[in-house]
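Residue numbers (this note's numbering), protein chains in the order written: chain A, 1 to 313; chain B, 1001 to 1479.
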């Protein structure tokens, strides 16, 4: 985090559901979770179902009470409603009042966040345009499809121009075109310096937009870091070489590594660090001109599955 | 909470109310009496519909009393008051029965979803993540319900008041207090419904438990009122017996009294409205709350003799003759049966003296024997009338004594009829058992258990406690 201002600060937070009279027993949804989110970051919270992601978000928003530890938003305790003035939230599986139209939802929640009608009169049409809901803005929410509800939900999370936007499964029920639009919106928020906290199980989405990620499982933080830090080298290398016979290449490299695979403009092979040097030497000795060597990384999904499976064992 | 937030919450409550099917149904149901109040005119002598079809009150009275044996004088008594009685009865039916009972139950059923719906998964996450405290949101839903009833009550009562003023020229500003009374009654049950909604987070549960509470609460209060009345009646009859109450009776009495003190006194809402109405109306000429006697107005051109007493020599109203010779009087007297003997004996004695039979008449809807004769007093012919009736263990007599040529006959008769029609009697034992005792004692200056301030204070304290309980629970919920 360095000297970056902390927007979300969670220290050793625990949450036990259904504990007995003296707090014994019950289900431990969060077990000593600590994390920090700096200003302007796009932060991803990942984890399998039941990891405690939504519980953590709800604690941050005062929707659930923590059993222990300390959590702050903008330096204020999370239970204080004032801390939520600068926060926009799109909950998972949200339901807006069916008696309101899309515009009325935005007006209502904008006013609840302290914005006056003059401000909202300008802000709402922009937002509706941004989330692609201009044409359906005056229809009742009860007539909306799931995707439309999600788009209006995204708009209500941003209506008061919050400094922190918490998105819980933002692409849930949204078609591929809509997902791209959501990514674009998140990027736009990031460009304006808004901190975005995304809670999602769609790892590809997270990988594409997040600067920093926390992986949780069984109420604990397993790993935290940037995407690069969380996706380790797979030990597989891609060699780009001058045109050469595939057979000759396989002969030169084959003895050293494993899983040799020809690829356009070269080949891929699994090597240890010591084998990598030898491989370069052999190729050079064999008169093969090496143009580039790229260490292949796991994608976030692979890293996530590996980590969660390891934790389960 | 800043202004935009308040406006947002108000708008939300309004949208929620206007979208509500129950609200729309009630609105159309209430529209019927409001429209009728505009198209039906209660004129001085007739009812007219759409200013075209017209029926005389005299026809109604004749039909209604055809088999009752009432004579022309008694019918005239009824006729003098028929317009006011009809209007009061209709207003009472629409407001006290229609709105206060049916409207209350329907209103609770229609808006009990306010809180449970707010607490549903998905909805709660959105609304409680906003920078508002849970108490603000809970109270906004409570106030939203009051808004629901406020709009409907104002529409019903205001509409009828305006309708009757326009079509019938009858305006009762005190009627507008009923809006507050309806909201007060609703505020109590809505608080219970909201709190049950927080605990159960289920609309059906909130409706059912509130509707179950309504008759139980009403029944327990009525039980206490009956018990008090019975005790009062029993104390009069068995003053000499000194038997201690049974343990079961004492337990029942303590339980009901405690409940009466602590629980919301919903039935008092309309009583308070009536009290407010009464306070706005002109004070009656005479009132004896203990005996339940009210004389609305003095006989026209007569003045009350202030030293006179109702239960001793009788209340007396006097008028001097316009020519300065002699005077006329009305005397209303109430005596114990022990002093007068039975009514039949009094009637028999007077019949024998006058050699004439009485005619059937009524005062305040009670049977009365009415005598009329001309008395020769020192050469002066005087018209005498006497009504004799029995009220419980008391004999009430009303005497008229004036020079026989006093005033114009028709004016004199109209004034006399209006005076008699303005006498109302409420102190019958049977009606006491029906709860009249509580009604009679209830008021802003009544004994503490019957005191309107006490009722208001304890009821509001109950509502505050119930809302606080709901809030306490709401603050502990993990969504």
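We treat Cβ as the ideally placed atom computed from N, Cα and C, and that holds for glycine.
Item to check | residue 1432 of chain B in three-state terms, based on DSSP | outcome: The predicted position of residue 1432 of chain B is uncertain, since its pLDDT is 47 and thus under 50; no value can be drawn from it.
Checklist entry - From residue 1215 of chain B to residue 1199 of chain B, what does the alpha carbon distance come to, in whole angstroms? => result Rounded to whole angstroms, residue 1215 of chain B and residue 1199 of chain B show a C-alpha spacing of 21 Å.
Checklist entry - Between residue 66 of chain A and the rest of its own chain, which residues show a CB-CB distance below 6 Å, the 5 nearest in sequence each way excluded? => result Here the set comprises 13, 15 and 59.
Checklist entry - Can you name the start and end residues of the beta strand (DSSP E) that residue 1397 of chain B belongs to? => result Here the beta strand (DSSP E) through residue 1397 of chain B covers 1394-1403.
Next on the checklist: If I follow the unbroken alpha helix (DSSP H) through residue 1254 of chain B, where does it start and stop?
Outcome noted: Residue 1254 of chain B -> alpha helix (DSSP H) spans 1247-1262.
Checklist entry - According to the Cβ coordinates, are residue 230 of chain A and residue 195 of chain A closer than 8 Å? => result Their beta carbons are not under 8 Å apart, which means residue 230 of chain A does not touch residue 195 of chain A by this criterion.
Next on the checklist: Tell me the rounded alpha-carbon separation between residue 1111 of chain B and residue 1027 of chain B.
Outcome noted: Annotation: residue 1111 of chain B to residue 1027 of chain B spans about 14 Å, alpha carbon to alpha carbon.
Checklist entry - residue 1296 of chain B to residue 1402 of chain B, Cα distance in whole Å? => result Distance between the alpha carbons of residue 1296 of chain B and residue 1402 of chain B: 22 Å.
Checklist entry - Taking just the CA atoms, how far does residue 1122 of chain B sit from residue 144 of chain A? => result Going from the Cα of residue 144 of chain A to the Cα of residue 1122 of chain B covers about 16 Å.
Item to check | Whole-number beta carbon distance between residue 1145 of chain B and residue 1106 of chain B, since they are thought to touch under 8 Å | outcome: Going by Cβ atoms, the distance from residue 1106 of chain B to residue 1145 of chain B rounds to 13 Å, so no, they are not a contact pair.
Next on the checklist: Is the separation between the beta-carbon of residue 43 of chain A and that of residue 267 of chain A shorter than 8 Å?
Outcome noted: No, the Cβ-Cβ distance between residue 43 of chain A and residue 267 of chain A is not below 8 Å.
Checklist entry - Beta carbon of residue 1177 of chain B, beta carbon of residue 1276 of chain B: below 8 Å? => result Yes, they are a contact pair.
Item to check | Contacting residues, own chain, Cβ-Cβ under 6 Å from residue 1140 of chain B (five flanking each side not counted) | outcome: So the qualifying residues of the chain are 1009.
Next on the checklist: Between the alpha carbons of residue 100 of chain A and residue 1230 of chain B, how many angstroms are there, rounded?
Outcome noted: The alpha-carbon atoms of residue 100 of chain A and residue 1230 of chain B are separated by roughly 55 Å.
Item to check | For residue 267 of chain A, the first and last residue of its enclosing beta strand (DSSP E) | outcome: Segment 266-270, the beta strand (DSSP E) holding residue 267 of chain A.
Next on the checklist: Given a cut-off of 8 Å on the beta-carbon distance, is the pair residue 35 of chain A and residue 221 of chain A in contact?
Outcome noted: The answer is yes: Cβ separation under 8 Å.
Checklist entry - Do you know how far the Cα of residue 1316 of chain B is from the Cα of residue 1304 of chain B? => result Their backbone Cα atoms lie some 6 Å apart in a straight line.
Item to check | Assigned exposure category for residue 1166 of chain B - 16 Cβ within 10 Å defines buried | outcome: It counts as exposed.
Next on the checklist: Can you give me the C-alpha to C-alpha distance between residue 160 of chain A and residue 1095 of chain B, rounded to a whole angstrom?
Outcome noted: About 46 Å.
Checklist entry - Does residue 210 of chain A come within less than 8 Å of chain B when only Cβ atoms are used? => result Closer than 8 Å to the CB of residue 210 of chain A there is not a single CB belonging to chain B.
Checklist entry - Considering only C-alpha positions, which residue in the set B/1307, B/1339, B/1407 and B/1382 is nearest to residue 1393 of chain B? => result It is B/1339.
Checklist entry - Under 8 Å between the Cβ atoms of residue 8 of chain A and residue 73 of chain A? => result In this structure, residue 8 of chain A lies near residue 73 of chain A, with their beta-carbon atoms less than 8 Å apart.
Checklist entry - residue 1384 of chain B to residue 1271 of chain B, Cα distance in whole Å? => result Rounded to whole angstroms, residue 1384 of chain B and residue 1271 of chain B show a C-alpha spacing of 40 Å.
Item to check | chain A contact residues for residue 1133 of chain B, given Cβ-Cβ distances below 7 Å | outcome: Here the neighbours are 81.
Next on the checklist: Given this structure, state the Cα-to-Cα distance separating residue 1206 of chain B from residue 1212 of chain B, to the nearest angstrom.
Outcome noted: In a straight line, the C-alpha of residue 1206 of chain B is about 10 Å away from that of residue 1212 of chain B.
Next on the checklist: Cutting at 8 Å between CB atoms, please list the residues of its own chain near residue 1221 of chain B, excluding the five before and the five after it.
Outcome noted: Same-chain partners within the cutoff: 1259, 1260, 1263, 1265, 1266 and 1267.
Item to check | Residues in the region 274-299 of chain A having any Cβ partner in chain B nearer than 8 Å | outcome: Correct list: empty, as no residue qualifies.
Checklist entry - Helix, strand or coil: which one does DSSP assign to residue 1032 of chain B? => result Looking at residue 1032 of chain B - three-state DSSP - the assignment turns out to be helix.
Item to check | Nearest residue (CA-CA) to residue 128 of chain A, options A/274, A/148 and A/26 | outcome: Of all alpha-carbon atoms in A/274, A/148 and A/26, the one lying nearest the alpha-carbon of residue 128 of chain A is that of A/148.
Checklist entry - What's the C-alpha gap between residue 1328 of chain B and residue 1382 of chain B? => result Straight-line Cα distance between these residues: approximately 9 Å.
Checklist entry - Could one say the Cβ of residue 1181 of chain B lies closer than 8 Å to chain A's Cβ atoms, at least one of them? => result Contact with chain A is absent for residue 1181 of chain B, since none of that chain's Cβ atoms lies less than 8 Å from the residue's Cβ.
Next on the checklist: In this structure, how does DSSP classify residue 1025 of chain B when only helix, strand and coil are distinguished?
Outcome noted: The answer is helix: DSSP assigns residue 1025 of chain B an H, G or I state.
Item to check | Status (buried if at least 16 other CB within 10 Å, exposed otherwise) for residue 169 of chain A | outcome: It is buried - the Cβ of residue 169 of chain A has at least 16 other Cβ atoms within 10 Å.
Checklist entry - Is it right to say residue 1031 of chain B is buried, meaning 16 or more other beta carbons lie within 10 angstroms of its own, or is it exposed? => result Residue 1031 of chain B comes out exposed.
Item to check | Residue environment, residue 1250 of chain B, which counts as buried when at least 16 other CB atoms sit within 10 Å | outcome: Exposed, since its Cβ has fewer than 16 Cβ neighbours within 10 Å.
Checklist entry - Going along chain B, which residues have a C-beta under 7 Å from residue 104 of chain A? => result 1015, listed in chain order.
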